[in-house]
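Trainee: Protein sequences, first through last, are from chains A and B.
Residue numbers are given in my numbering: position 10 of the first sequence equals residue 25, and the series is strictly consecutive.
Residue numbers are given in my numbering: position 129 of the second sequence equals residue 131, and the series is strictly consecutive.
The C-beta atom is built at its ideal place from N, Cα and C for all residues, glycine as well.
Nothing here was measured: the structure is a model prediction, and the numbers come from that model.
Could you have a look at this structure, given as structure tokens, before my questions?
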Amino acid sequence: MKPAPFDYIAPESVEEALAVLAEAGEDARILAGGQTLSPMLNMRLVEPAVLIDISRLPALDYIRRKNGHIEIGAAATQNALENWPELAAQAPLLAQALPHIGHFQTRNRGTVCGSLAFADPSAELPLCLALLGGEVVLQSASRQRVVKAADFQLGMLSTAREADEIISAARFPVAEAGAGYGFAEMALRHGDFALAAIAVKAGKTGVRIAIGGVADRPMVRNFPAGIEGAALDDALNDLAWDLAAADDPHATARYRRELVRRLGRKTVEEAKSCRV
Amino acid sequence: MLGTENQTNYIGKAVERIEDAALLSGQGRFIDDLPTAPGTGHAAILRSPHAHADISAIDTSRAEALAGVHAVVTGKDAELWSEPFLVGVRQPMQHWCIATERVRYVGEPVAIVVAESRYIAEDALALIEVEYQTLPAVVEVMAAMAADAPILHSDVGSNLVNERQFNYGNPETAFADATHVVRASVRYPRNSCTPMECFGLVAEYLAAEQSYDVLANFQGPYALHPVMARALKVPGSRLRLRTPADSGGSFGVKQAIFPYIVAMALAARKARRPVKWVEDRLEHLVAANSATGRISNISAAVAADGVIEALELEQIEDCGAYLRAPEPASLYRMHGILTGAYNIPHLAVTNRIVLTNRTPSGLNRGFGGPQVYFALERLMQRIAIELNLDPLDVIRRNLVPAASMPYRAAAGAVLDSGDYQACVSRALKDGGLAELEARRDAARAAGRHYGIGFAAAVEPSISNMGYITTVMTPEERRRAGPKDGAVSTASIAVDPLGAVIVTADSIPQGQGHRTVAAQVAAEALGLRPEQITVNLEHDTQKDGWSIAAGNYSSRFAGAVAGTVHIAATRLAKRLAEIAAPQLNATPEDIVFSGGRLFARDNPDNSLSFGRVAGAGHWSPSSLPENMVPGMRETASWSPDQLVAPGEDDRINGSAAYGFIFDFCGVEIDADTGQVRIDKYVTMHDAGRRLNPALVDGQIRGAFAHAVGAALYEELAYGEDGSFLAGTFADYLVPTACEIPEPLILHHDSNTEATPLGAKGMAEGNCMSTPVCLANAVADALSLDEIALPMTPSHVTEHLHGAERPPSTDRSEAPAQTLPGKGRGLTGSGASLVPAPPGQVWQMLLDPDTLAAIIPGCESMERLGENAYRAVAVIRIGPIRGRFKAVIQLSDLDAPHALTLSGSATGPLGSGAGSGRVTLLADEKGTRISYEYSAEIGGKVAAVGGRMIDGAARILIAEFFKRFAAVAGGTAGETVSLWQRVARLLGLAR
């Protein structure tokens, strides 16, 4: 389990990183935390010619409030976000979701933007970004663009990122006044990939729910604000069927649908109860 | 018997492990840490991506040409320099260390590259070209026994390679006269104990001496040494096998390094240099070792009060692709004790050994016990339910009474000691059953799912080397000659300055053998354990050993520590004889204490231990008459009671038998189906506990493995034989977060079967705990049957009832995988093309069309009529792999329908599929519809279990989308149609 040969480049600036990426294109991979990329390299599932390590770029290592968002730079780790003093107040959903991401050892290395870039259907951060309607900043040597979550993750492991772009930052909207948030996931062991993960925002104008781990990417749906009881069960049942779950070695499609129905209801109720 | 009297007392104390100072400070000496000779090559293994295939050609030229590659070894080299391994049953089947003509399981070694570094060796693997002709695979034992099953070993003519029937007592009459007959059918899955350290070795061929020298983390049994030497065609003395000081765990698994020892010995010979190989986790999970899967059909003839008169047991054993030594030991280790802890006089057994296209089975903690007790203890619960009795009463009414000890079981085991009734009573009281029942009642009253389970098990230790021969008929055994016993060897020596060194044949795998051996020697010699140096590295050319040597069947405490005790006691006797005249006492009166020897009634007049022992070195002439010079004692011991199976097929398979009684409470989450262990109580009779802290550590470890087997772990296979659990994200080993602390209780009965009164005890919870948990889950949900592992998805099948259908009317169902088909995929779709069918048909037969629609097609060549070979680079997200594909058009029905089939192989794995394409004339042109099915195997299936279906769907959809686009239409995958519907219904995208 050794990687194929590659060139390792540790640029000294974002500009240098982008210049190298512009030249290498599809033959390059960005290394940030390496929690997914390193095992994939070792298993030779990916064999890039160039590895560009952006983890040591101070310009990308930040978490800040900006224009109603929490903006997280590409080198900021999941633990940095988890330990950001304003997190519980500004992003209660992220505060609930982050402990479910792997283990604290992996969160010490794993980055927020790296998780978005990999676009695992079960991952917590893309789910939160989708629920909250966040956005991703894509930067190349020649241009910068901002892509909404709904337009960013296109399918399993695939995103709108072009080969010459890096995700320079992710933007999660800060908590909405008067809204309650809920998060739940079912994983077989602590830290495992979610068989289903559910994020809910219960706001004044509606209930928004996102499901991860079932379809090929996080799926979001809006319910009326007052939805409850049988109507909520009906809505969740339809949602469960609409996700076209498939069997895998760990769980049947039916099991995942049950999780959407049952954990979905609990999480909606939890989010409602957290409304302030 | 305790030997020489003394005033110290270390045996039975929780002495701290002498191993830990090195391990906790990073100074362990594991196989991968040890220095290698300059020029040592590093090996990587090319493994079969197919479960069953003939190898038609191997081209190693490109790999050999790569800079840094020293040699490439294939089955041809194995045929040149080695022989197939010996097999435990007489059948014409060949198991080579490297596949020769056929591969029979995913992960079977096909070639070995030796290079300057492991990196280069792995680079070279991708350059070896193997042509396979795939064959149908069979993975389930029942299917493997069917008349039309694919046969793994054609010379045998059947996958059923051995069948034996046994009758003990008069089971037929007992069943005919029975008041009740209760039955249970269970399936024990394939799992493995996955040590932290995988296999590792350094092999060398000493050409001048025509001998092999191998350092490997092999754990025994050393009965496999003759198997290896025979395979290498050398006398045993020319296969020097050494083991490193430390091991990162084995649990039986490292027995199965032995085929690699042979393969790498050949690689070293071909590369003309030492070769190092360290197995990685993917290799380990795919191909190292597995417990046997077993189907058991068990029935009991039972009286109205629950007393069992007779048992009938049918066992069908999945040993995988080869019957690899020491198999069929998994099936026969427990043979003498199939009646468990119960007094059941009549027994009928049918044993069938079946080969399947899975990794060969072998030693795994518990070894045959988990399979037996899963059937027997499930049956005990069924008896209670069907006869409306308390399950505890059923257990207690059948337990072997203490007064019957030693007790000869129906199939031959001799239970040496124990008071099972007392163990149960104390466990219930000290473990708090009454309180647990109150918790259960309260939970149930609140509508929660709570259950209590029980299990009783006899835990055998110190295996009889003859038990495996029970697979042979008495006639076959007579011809083969007797096999029995369990020889242990230990030495103790005192050096010229009085320092003590102990060696033995236990091959420790982290348990703390050195600590216990030091305790035992210190006790006999009046020294402190830290004054004893224990070296358990082993060298077959220099150390004492016999076929039973090694680390398995919980043999250490009873056999090896006992043999150390015998050697130490002999040494003490000699020292007493030397000291007695100088102390004006008789040898019997000499006391060893505090590093000094003195007469019992005169402690003030003493001699130092070193002074007395030194005489053997410095002044042999002063030794008592007839005493040998030097100061070393080597003892070998074998339990007298272990004899070969008799004419009546009765076999006492083990020297000592411990007892376990467990009970537990579990609660099942009504929504998620997760099983939470509320409380677990485990009562042990392990005989005399030499070091109670190490005993409890072993119980916790076995319990953790058992929780894994019960709730999490399975070496899963697809129906096509693809392996689906190649990472620890797929093979789920419970972590500290998932394992509760069991309440450990003891009720010891010293045995006379071993020198120190100890019984082995390191495997028991692997036998008792899975079924105890299963009984609790069955109790909670009122289930007749329960399968392992009890994952949430499995458990909810019994919990959630019929599924609620979708509320809106849907005419098309979403594409779904075939149930149980593993990586099998099916799907369908249609598109409309604005051209008449004849024109579309011509396009379809045009190779340029094919080249355009294969995603990532780099080149294509014609192989024959409507058959092509292509190279394509397939991408899913960041994953990219180059595949060689063969594509064929068949069943042509111009211009209406054809079948498009293909297979692809590459370093990432293999895929095969076929689709039926139908053309229908339509007002607007041609309606093209297709149905496909596909299977994926190899590395991607093993490591990408969660996502590979989705990835394959993307590729197949891409293929047909391109096809429709080339034909001039737009594709409509059923799934994407569904997603459009979903979008209309309110999904955000």
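#1: Determine, using beta carbons only, whether Lys81(A) comes closer than 8 Å to chain B.
#2: So what does Lys926(B) bridge to, in DSSP terms?
#3: Leaving out five residues before and five after Tyr12(B) in sequence, what residues of the same chain have Cβ atoms less than 6 Å from its Cβ?
#4: When the Cα of Arg271(B) is compared with those of Ser298(B), Leu241(B), Gly254(B), which residue comes out closest?
#5: Below 8 Å between beta carbons: does that hold for Ala712(B) and Gly455(B)?
#6: Could you name the residues of the same chain whose beta carbon sits closer than 6 Å to that of Leu197(A), not counting the 5 residues immediately before and after it, in chain order?
#7: If I'm right that Arg269(A) touches Glu805(B) with Cβ under 8 Å, what's the distance once you round it to whole angstroms?
#8: So is Ala139(B) in contact with chain A if we call contact Cβ pairs under 8 Å?
#9: Is the beta carbon of Tyr375(B) less than 8 Å from the beta carbon of Val773(B)?
#10: Tell me whether the segment 763 to 772 of chain B and the segment 230 to 248 of chain A touch, counting them as touching only if at least three CB pairs, one residue from each stretch, are closer than 8 Å.
#11: Counting only C-beta atoms, is Ser813(B) closer than 8 Å to chain A at any point?
#12: Three-state secondary structure (DSSP) at Tyr324(B)?
#13: Bridge partners for Glu316(B) per DSSP, in chain order?
#14: With 16 as the cutoff for other CB atoms within 10 Å, does Val291(A) come out buried or exposed?
#15: Given that Thr793(B) touches chain A, what residues does it touch there, using C-beta distances under 8 Å?
#16: The beta strand (DSSP E) spanning Glu863(B) covers which residue range?
#17: With 8 Å as the C-beta to C-beta threshold (strictly closer), list the residues of the segment 736 to 750 of chain B near chain A in chain order.
#18: Select from the segment 934 to 954 of chain B all residues with a C-beta closer than 9 Å to any C-beta belonging to chain A, and list them in chain order.
#19: Taking only beta-carbon positions, decide if Phe21(A) is within less than 8 Å of chain B.
#20: Looking at the unbroken alpha helix (DSSP H) that takes in Ala45(B), where does it start and where does it end?
#21: Contact criterion: CB-CB distance below 8 Å. Does Phe208(A) meet it with respect to chain B?
#22: Starting from Asp732(B), find everything on chain A with Cβ-Cβ shorter than 7 Å and list it in chain order.
#23: Starting from Gly455(B), follow the alpha helix (DSSP H) in both directions and report where the run begins and ends.
#24: Rounded to a whole number of angstroms, what is the C-alpha to C-alpha distance between Arg929(B) and Phe201(B)?
#25: Starting from the beta carbon of Thr674(B), find every residue of chain A whose beta carbon is closer than 8 Å, and list them in chain order.
#26: If you pair each beta-carbon of the segment 341 to 349 of chain B with each one of the segment 745 to 762 of chain B, do three or more pairs fall below 8 Å?
#27: Which class does Gly699(B) belong to by DSSP, given the choice of helix, strand or coil?
#28: Are there 16 or more other CB atoms within 10 angstroms of the CB of Tyr23(A), so buried, or fewer, so exposed?
#29: Is the CB of Leu60(A) under 8 Å away from at least one CB in chain B?
#30: Taking buried to mean at least 16 other C-beta atoms within 10 Å of its own C-beta, is Lys278(B) buried or exposed?
#31: For a contact meaning CB atoms closer than 7 Å, what does Asp231(A) contact in chain B?
#32: Name, in chain order, the residues that DSSP records as bridge partners for Cys666(B).
#33: For a contact defined as C-beta to C-beta under 8 Å, what are the partners of Ala134(A) on chain B?
#34: With a 10 Å radius around its C-beta and 16 neighbouring C-beta atoms as the bar for buried, classify Leu577(B) as buried or exposed.
#35: For Arg991(B), decide whether its Cβ has a neighbour in chain A, counting only Cβ atoms nearer than 8 Å.
#36: Could you give the DSSP three-state label for Ala186(B): helix, strand or coil?
Mentor: Result, derived from the coordinates:
#1: Chain B contact via Cβ: absent.
#2: Looking at the DSSP assignment, Lys926(B) forms no beta bridge with any residue, so it has no partner.
#3: Counting only Cβ-Cβ distances below 6 Å, and skipping sequence neighbours, we find Gln521, Ala524, Glu525, Pro531.
#4: Cα-wise, what sits closest to Arg271(B) is Leu241(B).
#5: No, these two residues do not count as a Cβ contact at 8 Å.
#6: In the sequence on display, residue 197(A) carries Gly and not Leu. Setting aside the 5 residues that flank it on each side, Gly197(A) is surrounded in the same chain by Val215, Thr282, Glu285, Ala286, each with a C-beta closer than 6 Å to its C-beta; the list follows chain order.
#7: Contact holds; Cβ gap of about 6 Å.
#8: By the rule that beta-carbons nearer than 8 Å mark a contact, Ala139(B) does not touch chain A.
#9: Yes, they are a contact pair.
#10: Short answer: they don't touch.
#11: Low per-residue confidence applies at Ser813(B): pLDDT is 42, beneath 50, and the placement is therefore not dependable enough to give any value.
#12: Look at Tyr324(B) here: in three-state DSSP terms it is coil, with no helix or strand label.
#13: According to DSSP, Glu316(B) bridges with Asn299(B), Thr352(B).
#14: Answer is exposed; the Cβ neighbour count stays below 16.
#15: Near Thr793(B) (Cβ distances below 8 Å), the residues of chain A are Leu203, His265, Ala266.
#16: Its beta strand (DSSP E) spans residues 859 to 866.
#17: Taking 8 Å as the Cβ-Cβ cut-off against chain A, the residues of the segment 736 to 750 of chain B that qualify are Pro736, Thr737, Cys739, Glu740.
#18: When CB distances to chain A are screened at a threshold of 9 Å, the residues of the segment 934 to 954 of chain B falling below it are Lys941, Val942, Val945, Gly946, Gly947, Arg948, Met949, Ile950, Asp951, Gly952, Ala953, in chain order.
#19: Cβ-Cβ to chain B under 8 Å: no for Phe21(A).
#20: Careful: Ala45(B) lies outside any alpha helix (DSSP H), inside the beta strand (DSSP E) at 43 to 49.
#21: Closer than 8 Å to some Cβ of chain B, the Cβ of Phe208(A) qualifies, so yes.
#22: Within chain A, the residues near Asp732(B) are Pro264.
#23: Where Gly455(B) is concerned, there is no enclosing alpha helix (DSSP H), although the beta strand (DSSP E) it sits in stretches over 451 to 465.
#24: Distance between the alpha carbons of Arg929(B) and Phe201(B): 57 Å.
#25: For Thr674(B), the neighbours in chain A by C-beta distance under 8 Å run, in chain order, Met201, Leu274, Arg277, Leu278.
#26: Per the Cβ contact rule, the segment 341 to 349 of chain B is not in contact with the segment 745 to 762 of chain B (fewer than 3 Cβ pairs under 8 Å).
#27: Residue state, collapsed to three classes: helix.
#28: Around the C-beta of Tyr23(A), fewer than 16 other C-beta atoms lie within 10 Å, and the residue is accordingly described as exposed.
#29: Leu60(A) belongs to the set of residues whose beta carbon lies under 8 Å from a beta carbon in chain B.
#30: By the neighbour-count rule (16 or more Cβ atoms within 10 Å), Lys278(B) is buried.
#31: Under the 7 Å cutoff, chain B gives Gly952.
#32: Beta bridge pairing from DSSP links Cys666(B) with Gly455(B), Tyr682(B).
#33: At a C-beta separation below 8 Å, Ala134(A) has these neighbours in chain B: Gly879.
#34: That one is buried.
#35: Confidence at Arg991(B) is low in this model, with a pLDDT of 33, below 50, so the placement of that residue is unreliable and no value is reported for it.
#36: Strand at Ala186(B).
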